[in-house]
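Student:
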DNA sequence: CTGAAAGCGCTTACAG
DNA sequence: CTGAAAGCGCTTACAG
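Chains as they are written, first to last, in our numbering: chain F, 1 to 328; chain E, 1 to 328.
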């Protein structure tokens, strides 16, 4: 069937050990090396990675499990992780859970069966609790989503600070009835919700919020109802760009103008947030840094499994645009 | 180190053949099956997929190579492929080439070394030519991008029809100086360019276009210059959503209003194209169907390698919005 | 239904 | 520098 190292060895008139050494860049006489390289070319030999990984007992694969590949934040994160992993000579294998804890459990098992060298994971809140099921020596790094005081390395945004910034900004602009739309599945959304609640309380304002599946449709439905009802807020803070989009669509379909009838602020500086009129005020996350940092933490952990658990907290940057600008 | 099938066999007091049978769902007495299952649970055993794949000589992995994971078209495609593959009991491994032929060559090799069961690939134009380097028995399906009369199965859009529709629509709306912005790396972009040229000629109009790297920044720069110059068009047709976005940004920065100063039409019905004011006229691609169809073609090819080459051409749907509406 | 043996394609000590 | 042997963790005929 497929050409194996034995075929190359035969063609070159050497042992397969020697072929293996040539491929691995071990010490081989230049004359033999040339012969083997010619044989490789001639036979069209491609090493079988399954065999190599089995024998060498490490795969050089980093598993990445994200919650929603259609969320541009995760796409950007994946891109950054991929690049950093590639530089470190690691391959990436990607899984998408669609925020489903069952699929998370499945993929977590699969990653172990793949014997990945490391794992980068953005879990749902449900799964964060049962991460202790992972073997001790499994180099896993949480990214974007982590509990406080977990057993694993993590890279997260300073969500409390970010929401405080957003709420303060809205209050400064004169808004009082500030509502929130938060994802219901992630710890990150909960942290943003708690930050919102704390900030509202600090300003002596009454809080009101909705928790929905972190997708545009869910936000559009929930916010649409809300905006049509008697408790409609005059400003909304949304916890990710999909929810921001859904909120915007809801406002449009109800016929509210932004920012005059409804102010809007959210997370993630997606290009479209700048293109709509008015632009949307957002917290920009250092997503490239987050991806790179996750890989760096993972590499450290692979080298030194006994390192103390590290938690990297990065700051967002507030970009003010017209969507929160009615009162100036 | 890691727990192997032998440990389970020892714990259950059976041979590893029997353990293997239990896992594979072979015929085993219920008493023995129960003992083995208990041993699996007790030891925390996870089968080593590298070993399984090596021995069974097929991986059950479908490789997916796309040009740009940040292009929402590809993200949606990946999602659809993943789902269809998952249903067929296949795993997906994903590679992102960033439109770089060198990385394409690298990943193509890697896919062979991984011994993937099948490949779904959106190649650059450069690479389409040297796809014959793939082994005959390699079940590869091209998606979104394919040459005419290639050796591989393919799923593509009817690009000629789509651009003809767009040009006719613009002409109908009274536009005459219709320019184009096309990606420079893909065959699909070339087909759209050729469709544009043919349609313009059929209408007796002079064509003018730019070819750029298929990213927003490149389009923004090129179109910005163009719009400031003496040959500025009154309408622009862009060959993907990133280019549409760049064109829109360029128009904004030059201070042109859409559609009064510049009409705009593009590809891919991304959510933001509906959210900006005015909305953007686009060709919507049946991207989910494309992903599913690619997997279906691949499965057929895996089962029957000698099947005649098939090329599936799907139609886009034109969604007219305000961006092409100045004259009505 | 169950087990012993062979072998998938490599790498890794161990000799020479 | 080179090769023969062992073995990574499985599955797959082959016996019984």
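Note that CB positions come from ideal geometry on N, CA and C, so glycine has one too. Quick caveat, the model's predicted, so the values are computed rather than measured.
May I have a chain-ordered list of the alpha helix (DSSP H) segments no shorter than 4 residues that lie completely inside the stretch 52-113 of chain F?
Tutor: Listed in chain order, the complete alpha helix (DSSP H) runs (minimum 4 residues) inside the stretch 52-113 of chain F are 72-87 and 101-113.
Student: What number of angstroms, rounded off, separates the C-alpha of residue 101 (chain F) from the C-alpha of residue 258 (chain E)?
Tutor: 45 Å
Student: At a CB-CB cut-off below 8 Å, which residues of chain F make contact with residue 47 (chain E)?
Tutor: 113
Student: Which residues does DSSP pair with residue 318 (chain E) in a beta bridge?
Tutor: E:283
Student: In three-state DSSP terms, what is residue 19 (chain F)?
Tutor: The answer is helix: DSSP assigns residue 19 (chain F) an H, G or I state.
Student: Please state whether the Cβ-Cβ distance between residue 341 (chain F) and residue 128 (chain F) is less than 7 Å.
Tutor: Past the edges of chain F, shown from 1 to 328, lies residue 341 (chain F), and the structure says nothing about it.
Student: Are residue 157 (chain E) and residue 265 (chain E) close, meaning C-beta to C-beta below 7 Å?
Tutor: no
Student: Residue 127 (chain E) touches chain F at which residues, Cβ-Cβ below 7 Å?
Tutor: Those within 7 Å of residue 127 (chain E) in chain F number zero; the least Cβ separation is about 18 Å.
Student: With 7 Å set as the bound, which would you pick, yes or no: does the beta-carbon of residue 285 (chain E) sit closer than that to a beta-carbon of chain F?
Tutor: Judged by the 7 Å Cβ criterion, residue 285 (chain E) is not in contact with chain F.
Student: Taking 7 Å as the CB-CB cut-off, is residue 51 (chain F) touching chain E?
Tutor: Interface flag for residue 51 (chain F) against chain E is set, since a Cβ pair is found closer than 7 Å.
Student: Give, in chain order, every unbroken run of the beta strand (DSSP E) that is at least 3 residues long and sits entirely within the stretch 206-290 of chain E.
Tutor: 208-212, 235-238, 263-267 and 281-284
Student: Does residue 153 (chain F) come out as helix, strand or coil in the three-state DSSP assignment?
Tutor: Of the three classes helix, strand and coil, the one that applies to residue 153 (chain F) here is strand, per DSSP.
Student: Establish whether the CB of residue 87 (chain F) and some CB of chain E are separated by less than 7 Å.
Tutor: no
Student: Here's a check: name, in chain order, each residue in its chain whose Cβ is nearer than 8 Å to the Cβ of residue 151 (chain F), leaving out the five neighbours to either side.
Tutor: 131, 132 and 309
Student: Could you tell me whether any Cβ in chain E is nearer than 7 Å to the Cβ of residue 75 (chain F)?
Tutor: yes
Student: Measuring CB to CB, does residue 189 (chain F) end up less than 7 Å from residue 224 (chain F)?
Tutor: no
Student: Check distances from the C-beta atoms of the stretch 77-111 of chain E to those of chain F and list, in chain order, the residues that come in under 7 Å.
Tutor: Residues are counted here when their Cβ sits less than 7 Å from a Cβ of chain F; for the stretch 77-111 of chain E these are 78, 79, 82, 93, 94, 96 and 109, given in chain order.
Student: Between the stretch 172-194 of chain F and chain E, which residues of the former have CB atoms less than 8 Å from a CB of the latter, in chain order?
Tutor: none
Student: Is residue 307 (chain E) helix, strand or coil by DSSP?
Tutor: Correct three-state label for residue 307 (chain E): coil.
Student: Among E:187, E:153, E:39 and E:198, which one has its Cα closest to the Cα of residue 140 (chain E)?
Tutor: Nearest option by C-alpha distance: E:153.
Student: Give a yes or no on whether the C-beta atoms belonging to residue 183 (chain E) and residue 239 (chain E) are separated by under 7 Å.
Tutor: In this structure, residue 239 (chain E) lies closer than 7 Å to residue 183 (chain E) by Cβ.
Student: Check whether chain F comes within 7 Å of residue 54 (chain E), counting only Cβ atoms and requiring the distance to be less than that.
Tutor: yes
Student: Looking at the structure shown, is residue 34 (chain E) part of a helix, part of a strand, or coil, going by DSSP?
Tutor: helix
Student: Leaving out the 5 sequence neighbours to the left and right, which residues in its chain are closer than 6 Å to residue 155 (chain E) when beta-carbon positions are compared?
Tutor: 143, 290, 293, 294 and 312
Student: Which residue comes first and which comes last in the beta strand (DSSP E) that contains residue 183 (chain E)?
Tutor: 178-183
Student: From this set, E:260, E:8 and E:149, which residue's C-alpha is nearest residue 234 (chain E)'s C-alpha?
Tutor: E:260
Student: Name the two residues that bound the continuous alpha helix (DSSP H) containing residue 162 (chain E).
Tutor: 159-172
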